[in-house]
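Converting from the sequence shown to this note's numbering requires adding 109 to each position, the first position being numbered 1.
Every residue, glycine too, gets a C-beta built ideally from N, C-alpha and C.
The next block holds one structure in the form of structure tokens; read it before the comments.
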Amino acid sequence: MPPTPQGSPISPLLSNTYMRRFILGWKVLGYARRFGAEFVNFADDFCVLGKAPAAEMLAAVNRLMEGLKLPINAEKTRCLRCPEESLEFLGYRIGWNYRPWSESRYFGTRPSGSSVQSICRRISEQTDRSLGWLEAEEVVGRLNRMISGWANYFNLGQVTPAYRAVDQHAVRRLRQWFCQKHKVQSGKYARFPDKWLRERHGLTRLAATTRYLPRAKA
């Protein structure tokens, strides 16, 4: 795809335009019927799901992309067999999930480890010691907007473990921020317990919202 500024207003438009051409070519040239393959994409990220040998489908993708003069990101391209192997797509991990109350499993989605790490890094940035001059309401407000926005996207499938990890990190980082702001050296948990952070300052708790979420299965 011709280079465009990442995040610019025209970038998504060009991505969708070129991908429409690719999808049309995939169908017109008979690849969809030949491989019994479904094509799933968001902008220029895509998966080809089919029963034919992966090497054959990848070769067809490469030929079509070359014809359209569209480069493929070799580092992000993988061939795998589901459900034996899992994949990451659009921030989700798609693979086997295990029900905590039984030994049964199902093939579905959950937030990927890298997606959880990413939001935790952003939480750490918003509670950095250099921001001790801010008011608590401003810091908590920023965290709540960030965490809620992340959860609004990652709300399908088995989300409870990821939500708990984000909750724990947010509480720990906010407590550290309060300690640095008020120069508290000892008794940190007693001074700023979880309940106080949530009830007094309104820090969002994602784990409390999971009962209202859909259960996505692949």
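Q | Among F131, M166, C191 and V137, the one whose alpha carbon lies nearest that of D153 | A | Residue numbering aside, residue 153 sits at position 44 when the sequence shown is read from its first letter. Closest in alpha carbon position to D153, among F131, M166, C191 and V137, is F131.
Q: Compute the Euclidean distance between the alpha carbons of E147 and W242, then round it to the nearest angstrom.
A: Counted from its first residue, the sequence shown places residue 147 at position 38. Counted from its first residue, the sequence shown places residue 242 at position 133. E147 and W242 have their C-alpha atoms some 53 Å from each other.
Q | 9 Å Cβ cutoff met for S195 and I203 | A | Residue numbering aside, residue 195 sits at position 86 when the sequence shown is read from its first letter. Residue numbering aside, residue 203 sits at position 94 when the sequence shown is read from its first letter. Cβ atoms of S195 and I203: closer than 9 Å.
Q: Starting from the N-terminal side, write out each stretch of the beta strand (DSSP E) that is 3 residues or longer and does not extend beyond the segment 261-285.
A: If we require 3 residues or more, the segment 261-285 turns out to have no beta strand (DSSP E) run fully inside it.
Q. Would you call the segment 176-190 and the segment 222-234 in contact, with 3 or more CB pairs under 8 Å?
A. Below 8 Å, too few C-beta pairs join the segment 176-190 and the segment 222-234 to call them touching: fewer than three.
**Q.** DSSP state of D91 mapped onto helix, strand, coil
**A.** The chain is shown only over 110 to 327; residue 91 falls outside these bounds and no answer can be derived.
Q: Would you kindly report the start and end of the unbroken alpha helix (DSSP H) that includes I181?
A: As a first step, residue 181 must be located in the sequence shown, where it is residue number 72. Taken as a continuous stretch (DSSP letters only), I181 belongs to no alpha helix (DSSP H), as it is neither H nor E.
Q) With a CB to CB cut of under 8 Å and the five nearest residues on each side skipped, what residues in its chain are close to L252? A) Position 143 of the sequence shown, counting from 1, holds the residue named residue 252. Spatial neighbours of L252 in its own chain (CB-CB distance under 8 Å, excluding positions within 5 residues in sequence) are listed in chain order as I232, Q235, T236, A279, L283, L312 and T313.
(Q) Here's the rule: buried if 16 or more other CB atoms are within 10 angstroms of the residue's CB, otherwise exposed. What is V170? (A) Position 61 of the sequence shown, counted from the first residue, corresponds to residue 170. V170 comes out buried.
Q | Of the residues Q285, P220 and L138, the one placed nearest M166, counting alpha carbons only | A | On the sequence shown, residue 166 is found 57 positions in, with the first residue counted as 1. Nearest to M166 by alpha-carbon distance, out of Q285, P220 and L138, is L138.
Q. Between which two residues does the beta strand (DSSP E) containing C156 stretch?
A. For the purposes of this step, residue 156 is taken as the residue at position 47 of the sequence shown. Here the beta strand (DSSP E) through C156 covers D154 to L158.
Q.
Judging by CA-CA distance, which residue of P209, Q277 and P192 is the nearest neighbour of Q267?
A. Here residue 267 refers to the residue found at position 158 of the sequence shown. Considering only alpha carbons, the answer is P209.
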